[in-house]
Amino acid sequence: MAESTNNAWLHRFSLLTALATLLLIGVGGLVTSNEAGMSVPDWPTSYGYNMFALPFKFWQGGAFHEHTHRLIASTVGLLTAILAIWLWVWETRGKTRRNGALVILGILFVVGGMMGVRKNPVFVSIALVSLCGIVFGFFKIKQTSGLRWFGIVALSAVVLQGILGGLRVVLYKDEIGIFHATLAQLFLVLISSITVFTGKWWQSFSESKESLGLSRNLRWLATIVTFLVFSQLILGATMRHQHAGLAIPDFPLAYGKLWPATDPAAIQSINQNRLEIRDPNPITAAHILVHMAHRVTAFLILFGTAFLAFGVRRTLGAKALLSRISLIWLGMIGAQLILGIFTVLKNKPADIATAHVVLGAASLVIGSILTILAQKISVEPQNRMLHVSPHSSVKPVSNFKAALTTGK
Amino acid sequence: MKNQARWIAFLTLSVALHSATAADVTGTITLKGTPPPEKDIPMDANCGKLHAGPVKTRFYAVNDKAQLADVVVSLKGAGVKASGAPATPVVLDQVGCEYVPYVAAVQAGQKLLVKNSDPFMHNVHALPAAAGNKEANKAQMPKAPDLEFAFATPEPFLKFKCDVHPWMFSYVSVFDHPYFAVTGKDGSFKIANVPPGKYTLEVLHRKAAPIGAAVTKEIEVKDQSVTADVVLEVK
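Those sequence lines, one after another, are chains A and B.
The first sequence begins at 1 in the working numbering and counts up by one.
The second sequence begins at 1 in the working numbering and counts up by one.
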């Protein structure tokens, strides 16, 4: 009984971390929507102060958004550290448990101490070590399928993510901002996966054979559309970090045409006639092409999710879990499309644009979960960790191994 | 002592001869066509209090005679040579959550002082594009000392922005010679002490004649002032 409670709390804690991450992505969206990413010129300090002790007089305008983003990011970092240690302690025992937890704590203290040095080479070194942590963690996941290694990857990723956010400020690199935005999405998917794997319904789904009949084509359709959503988020991040506002101000046409002109004369005319209050970088042909790619991909995703929802429902029936999730996904993509259209028609107001970012991240999470489920259900569930006592002799193994080894 | 006196006489004579032969290039920039209407800037509460009414964007500062301000005019030609930066700094102020002036020009190496005349904080973020000019981002509290900038490499419309108030922009063009000017409210400009010779007058405006689409005019300077009016067009 105690074990079950502990398990449930781990799941809830992981869910809390995922929600905090989604909130963080939302506030990050507010930062870019308000062009406020550089309003606090220093990092990891804020205006020379310890960021947790910044006087209220500095919390104004864009600085409010940026500083709030930093504080929530710190909270997500703390939650992730706790989650990583919790997963480690849950899955291991004896010396492995004690030493592992001590090593994680030790690394956190060392990283915290190194942050105090406040030199860019130190930050870059921490980022590289974090990257190594991610690679090593994935290697161990493939090797052992232990959820604890998901925790290690998440912890390494959150450190890397924090450093990327800081380096974007102190190195003045927009490109880092795009990586920062992309890694945020992947991190959310990772934490959401941990939340799924620690949930009770994951276990009952594993035991259920209601959806074994899902075809290979549908399984791969879910995977491909999820990758399309991820690509779409990268395109969106690229558009946001160009600081040029809306490259195309009308919808459903683009500058009154199905496909806009991008010759120099057309670009000059566009720039002469656009008066952007917050995004003064001139529009280029590349900006327009990226925007068009975003629109085309949006419709591909809509058709993909619609086809998937229809196919899964026809194959498994309306009551199957996958049918319900794919229908929810379709609804989210539809809503996302509407938000995207309003972002254009209303000239990118910060609230609508930010809602577009948040729903995009949530769509990626649902797509990823659907992919994990779709790729997994065609195999027999293997031994699992969550219903096994940490003191049992059974080796704790996550079901994710099944998904990894049988994804065809 | 005698040598020193000769040198002083020589230099005085040189300067006098130069002044006698150099001339001014003057003119007016006008705008043909109707620019899009300026937008109201949605300022936050703090900044809004500093203005009696809505504040407009300043993309096309054109008067009722179609004369266009904030146009950067400069010369190109054999006679245009780099010179030492003047000691007088150019001043950029932050007033009512706007940069004043909106468009300015400096010589490479010349000091650019940024003031904060507002009762709250701004951050001054210089975003150069040319290699050799360093990006800088500094917070500036009210009544804080002026921030000092200088740029080594010529660059048109080097952008300054405040990320705390993301509608605040100013553009500073950097030249490696002294033959440039920014048009005033009446669209007029004056480039002083231009040595005789043939030049290309280059006219840049952020919207009407942006980088890559500068309007040019060939002129010849002799011993008298030259007038060169230019018309920019918005399509």
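C-beta: ideal position from N, C-alpha, C; glycine also.
Going by DSSP, S170 (chain B) is part of the beta strand (DSSP E) stretching over 169 to 175. Nearest Cα to D146 (chain B) within the set B:K115, B:K217, B:I29, B:P35: B:K115. Buried is the label assigned to Y47 (chain A), since at least 16 other Cβ atoms lie within 10 Å of its Cβ.
None of the residues of the region 291 to 305 of chain A has a beta carbon lying less than 7 Å from any beta carbon of chain B.
Taking the Cα of H243 (chain A) as reference, the smallest distance to any Cα among A:L258, A:A285, A:P264, A:D174 is reached at A:D174. In the three-state scheme derived from DSSP, where H, G and I count as helix and E and B as strand, S74 (chain B) is classed as strand. A127 (chain A) is positioned such that its CB atom lies closer than 9 Å to that of I163 (chain A). Of all residues in the region 53 to 79 of chain A, the ones placed with a Cβ closer than 7 Å to any Cβ belonging to chain B are F58, Q60, G61, G62, A63, in chain order. When rounded, the separation of the alpha-carbon atoms in V234 (chain B) and P35 (chain B) is 6 Å. The beta-carbon of R274 (chain A) is placed less than 9 Å from the nearest beta-carbon of chain B.
Legend: CB atoms of the region 126 to 153 of chain B lying less than 7 Å from CB atoms of chain A belong to residues E135, N137, K138, A139. Between the region 186 to 200 of chain B and the region 22 to 32 of chain B, the count of Cβ pairs shorter than 8 Å is three or higher; the stretches touch.
Beta-bridge partners assigned by DSSP to L300 (chain A): none are found.
Chain order gives the chain B residues near P41 (chain A) as N123, N137, K138, A139, where near means a beta carbon separation below 7 Å. Each of A:D42, A:F230, A:Q268, A:S231 was checked against the Cα of A247 (chain A), and the nearest Cα belongs to A:Q268. Beta-bridge partners assigned by DSSP to D93 (chain B): B:V100, B:K115.
If you look at K200 (chain A), you'll find it in the alpha helix (DSSP H) that goes 200 to 207.
Of all alpha-carbon atoms in A:W88, A:W43, A:S231, the one lying nearest the alpha-carbon of H69 (chain A) is that of A:W43. A direct Cα-Cα distance of roughly 57 Å separates K142 (chain A) from D40 (chain B). Taking a C-beta distance under 9 Å as the contact criterion, A108 (chain B) and V174 (chain B) qualify as a contact pair. Inclusion of Y102 (chain B) and D93 (chain B) in the CB contact set at 9 Å is not warranted, their separation being larger than that value.
Considered as a whole, the region 49 to 96 of chain A harbours 61 to 91 as its complete alpha helix (DSSP H) runs of no fewer than 4 residues, in chain order. Of all residues in the region 117 to 144 of chain A, none comes within less than 7 Å of chain B when Cβ atoms are compared. It is roughly 20 Å from the alpha-carbon of G112 (chain A) to the alpha-carbon of T17 (chain A). Across the region 47 to 65 of chain B, CB contacts with chain A closer than 7 Å involve T57, F59, in sequence order along the chain. Bridge pairing for D40 (chain B): B:K56 [DSSP]. Neighbours of I41 (chain B) in chain A, taken as residues whose beta carbon is under 9 Å from its own, are I277 in chain order.
Taking a Cβ-Cβ threshold of 9 Å, the residues of chain A close to K235 (chain B) are A265, Q268, S269, Q272, N273, in chain order. Check the Cα spacing between T92 (chain A) and each of A:A53, A:F52, A:L300, A:G151: the tightest is with A:G151.
Exposed is the label assigned to E220 (chain B), since fewer than 16 other Cβ atoms lie within 10 Å of its Cβ. By the criterion of at least three beta-carbon pairs nearer than 8 Å, the region 29 to 43 of chain A is in contact with the region 131 to 150 of chain B. Its chain contains D176, H177 as the residues whose beta carbon lies nearer than 6 Å to that of A82 (chain B), once the 5 sequence neighbours on both sides are disregarded; these appear in chain order.
Under DSSP, E233 (chain B) takes part in a beta bridge, and its partners are B:K32. Under the DSSP assignment, I219 (chain B) falls in the beta strand (DSSP E) whose first and last residues are 215 to 221. With its beta carbon at least 9 Å from every one in chain B, E175 (chain A) lies outside the interface.
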